[in-house]
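Undergrad: Quick one: the structure is below, questions incoming.
Numbering (this note's numbering), first residue to last: 283 to 1115.
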């Protein structure tokens, strides 16, 4: 029996130790290829502590190595090969730290690898970390899902062996305090997590077994041995929305992380025990057998979690995106406060220097930014302490199976600027010397004229620092259609330093294709010489006949302690026209006064000289002058040839004018009004003024023309004729224009002083009917037609000797001369208009 027990004990030991899973596969080819394509960075070899082996927390903590290294003095390699992890920290002894009292900036390029069909081959990711861990440069968290910064979620499975063999198993989890103690202490992290560690993810990692050990006794009866296996359950990204964030955490904090297809970015608080929470989401998932016998896993609270494509790709300009730019800024607390602000910008520029505003770009270079308020108490600073260490941590995933031929991508960092050492920035503007106008990114008017003399102005600013900014290599991409103008000594640019030094840039610095300038500044920038203004003079050209849109062009300034970028503003070069525009003479117009729905259509016809064409989207402004009033209307040219015509209703234009002037007050009845017009195109080219006359005609005419008097034949008391005829010719005419009419006549009694005539005036019509004339109107004739042009009706010509207006006597009258007043009335017939 004793031999059986001893044999079983030996088998247990052998079985236990094969669970260690450091399957290390070196990926030199990937690393070297990535380094070869890296943007230019600064030499970091003297600014970071040498790689230091960690001092892990906990008796059973397996993370006891640091695989970080610096490649070629420029590239930080955090993890190279499966199951590797590492960290590197800035040297605070040479002031490469974060001083929480001042604005601080870190900018770098990050590399995560290409898509190989699974996030395992890009896992696990990296983190930018600010820390005040007492271990300083020996600080390191757990590898794997913890990215070298978070704690080790030690989860133990215990198998119980006795005299009857395996009798059962139990599970145990380190509490959240122990997990947090295994993280980097007093820290803030921004994690760039490339692998989804989610217990509900069918494609996710299984638990990782790290070590086994045994306890118990085989030397006395009953024999009992406990075989323990420690695991990381790889579930920090498991989302559980039913769990609320701790009260002291920032807004937008979530248990777990949404990772999309290619990862996520989040803020985390690695050393806070409240960051870790046991969830029970294993049960009921497709992974329950994989995780058995564990039914719970630790998940991690993430703040401002956002999905991101942490992988190689192609941007919208079909350019390769293999390195992703990141800028971190620290905004210090205000006086009397402990609340600062941490902000990151991811994909904020491309490798060619083009800046990407937030939320621009496609899937692979989308620009992302988030900020959180940070209470500096989390760093547990000593009295009088204001600085913390900073650095990067990273980790790679485990090999998914022993036969896997694909390699895991290295986690690389290429630095452009490091805090406290040198804080610097660059700006750019354009100055148009002819227009006396400065153009910046914020300008609303960004136009210059073809042929204008302009200056490209760049300014380097040394903000703060503990070192000089030396050996600044400047590279300027010149805007299209800009041509440098060398001076008499063949210099193409000038540098003006804050200390008064002036430095010329020779023409030999211009590339042979004349598209960029490269030059190394001879003077360093520092606190005593804080700025360098660089100016290039030249001209802009546009001979196309269209406006030219000139895109931004980057400029990069690479020194030993900082790399800063800026870009020229985009601007528009308006073409300088050499052609003229003419307007065909306009003919006079007739306008009926107050005609209902009257229009006054003007049809200017324009022509460009030199066979220059209009463009249908180009606007033409027509300016009219009527009396002392000016009216204008802008219309599209509606042409793609060298001629253009439009129709403008001048009445509508005047009626809609803000002056509210009455149209007919400008065009009174029966007047001749002079109107002037000229046209202006989008380039300010004007035609000569054309003048025409508007003849304002009476709209309706109805007039009567009659003889002043009517005389009838003399009569005597012996004259027995009852009708006395007209003695003289009588004229009665009706003139009408667009006015149907009706004619009537009335008369007063004939009298000689006070003696009435024994008879009356009568009207005998064409039917020989007699109508006595009294003071009541008597119908004579009418015309119900709208006549245009004017018509004159001679009514009296239609009368004969026995028709028309005559005098009827009823008997003898006293001798004398009798008078009466005859009234002719012509009325419009309104219903026929």
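For glycine and all other residues, C-beta sits at the position ideal for the given N, C-alpha and C.
Which residue marks the beginning of the alpha helix (DSSP H) containing residue 937, and which one marks its end?
TA: Counting along the chain, residue 937 sits inside the alpha helix (DSSP H) bounded by residues 932 to 937.
Undergrad: Distance check for residue 475 and residue 729, CA to CA, integer angstroms please.
TA: 44 Å
Undergrad: Please report the Cβ distance between residue 480 and residue 461, rounded to the nearest whole angstrom; I am assuming they are in contact, meaning their Cβ atoms lie under 8 Å.
TA: Incorrect: roughly 18 Å between the Cβ atoms, too far for contact.
Undergrad: If you follow the alpha helix (DSSP H) that residue 791 is part of, which residue opens it and which one closes it?
TA: Here residue 791 belongs to no alpha helix (DSSP H), and DSSP marks it neither H nor E.
Undergrad: Can you tell me where the alpha helix (DSSP H) with residue 463 in it begins and where it stops?
TA: 458 to 463
Undergrad: Relative to the C-alpha of residue 1108, which residue among 1005, 992 and 984 is closest?
TA: 984
Undergrad: Could you check the C-alpha separation between residue 1057 and residue 1066 for me, to the nearest Å?
TA: 25 Å
Undergrad: With a 10 Å radius around its C-beta and 16 neighbouring C-beta atoms as the bar for buried, classify residue 318 as buried or exposed.
TA: Around the C-beta of residue 318, fewer than 16 other C-beta atoms lie within 10 Å, and the residue is accordingly described as exposed.
Undergrad: Just to confirm before moving on: does the CB-CB distance between residue 1041 and residue 1083 stay below 7 Å?
TA: For residue 1041 and residue 1083, no; Cβs fall outside 7 Å.
Undergrad: Count the other CB atoms within 10 Å of the CB of residue 503; is the residue buried (16 or more) or exposed (fewer)?
TA: Bear in mind that the predicted position of residue 503 carries a pLDDT of just 44, short of 50, making it unreliable; the figure below should be weighed with that in mind. Label assigned to residue 503: exposed.
Undergrad: Between the alpha carbons of residue 821 and residue 732, how many angstroms are there, rounded?
TA: 8 Å
Undergrad: Within a Cβ cutoff of 7 Å, which residues of the same chain sit near residue 374, ignoring the five residues on either side of it in sequence?
TA: 669 and 671
Undergrad: Could you tell me the alpha carbon to alpha carbon distance between residue 656 and residue 618, rounded to whole angstroms?
TA: So the alpha carbons of these two residues sit roughly 15 Å apart.
Undergrad: Starting from the C-beta of residue 651, find all residues in its chain whose C-beta is less than 6 Å away, skip the five residues before and the five after it, and write them out in chain order.
TA: 627 and 640
Undergrad: Going residue by residue through the stretch 302 to 354, where are the continuous alpha helix (DSSP H) segments of at least 4 residues, counting only ones entirely within it?
TA: 310 to 318
Undergrad: Would you tell me roughly how many angstroms separate the C-alpha atoms of residue 257 and residue 959, rounded to the nearest one?
TA: For the chain, the structure presents residues 283 to 1115; residue 257 sits outside this window and is missing.
Undergrad: Would residue 878 be called buried (16 or more neighbouring beta carbons within 10 Å of its own) or exposed?
TA: exposed
Undergrad: Can you list, in chain order, the residues of its chain whose CB lies under 7 Å from that of residue 1009, leaving out five sequence neighbours each side?
TA: Only 993, 994 and 995 meet the Cβ criterion.
Undergrad: Looking only at its chain, what residues have a beta carbon closer than 6 Å to the beta carbon of residue 512, apart from the 5 residues adjacent to it on each side?
TA: 342, 436, 438, 492 and 493
Undergrad: With respect to the beta strand (DSSP E) encompassing residue 906, which residues constitute its N-terminal and C-terminal limits?
TA: 901 to 908
Undergrad: Rounded to a whole number of angstroms, what is the C-alpha to C-alpha distance between residue 1104 and residue 1031?
TA: 10 Å
Undergrad: Could you compute how far the alpha carbon of residue 966 sits from the alpha carbon of residue 836?
TA: 33 Å
Undergrad: Whole angstroms is fine: what's the gap from residue 556's alpha carbon to residue 521's?
TA: 16 Å
Undergrad: Give the secondary structure of residue 811 by DSSP, where H, G and I count as helix, E and B as strand, and everything else as coil.
TA: strand
Undergrad: Starting from the Cα of residue 401, find the closest Cα among 388, 484, 466 and 470 and give me that residue.
TA: Checked all of 388, 484, 466 and 470; the closest Cα to residue 401 is 484.
Undergrad: Could you tell me the distance, in whole angstroms, from the CA atom of residue 561 to the CA atom of residue 567?
TA: C-alpha separation (whole angstroms): 13 Å.
Undergrad: Is DSSP giving residue 1049 helix, strand or coil here?
TA: coil
Undergrad: Check whether the Cβ atoms of residue 875 and residue 981 lie closer than 7 Å to each other.
TA: It is a contact, given that the beta carbons lie within the stated cut-off.
Undergrad: Measure the alpha-carbon distance for residue 589 versus residue 762 and round it to whole angstroms.
TA: 37 Å
Undergrad: Comparing the C-beta of residue 826 with each C-beta of chain D, is any distance below 7 Å?
TA: Of the protein chains in this structure there is only one, and it is not chain D.
Undergrad: The beta strand (DSSP E) spanning residue 678 covers which residue range?
TA: 669 to 678
Undergrad: Put residue 380 into one of helix, strand or coil per three-state DSSP.
TA: strand
Undergrad: Distance check for residue 936 and residue 1062, CA to CA, integer angstroms please.
TA: 45 Å
Undergrad: Provide the residue span of the alpha helix (DSSP H) that contains residue 826, from first to last.
TA: Here residue 826 belongs to no alpha helix (DSSP H), and DSSP marks it neither H nor E.
Undergrad: Look at the alpha carbon of residue 933 and the alpha carbon of residue 957, and state the distance between them as a whole number of angstroms.
TA: 12 Å
Undergrad: Please report the straight-line C-alpha distance between residue 330 and residue 631, rounded to a whole angstrom.
TA: 25 Å
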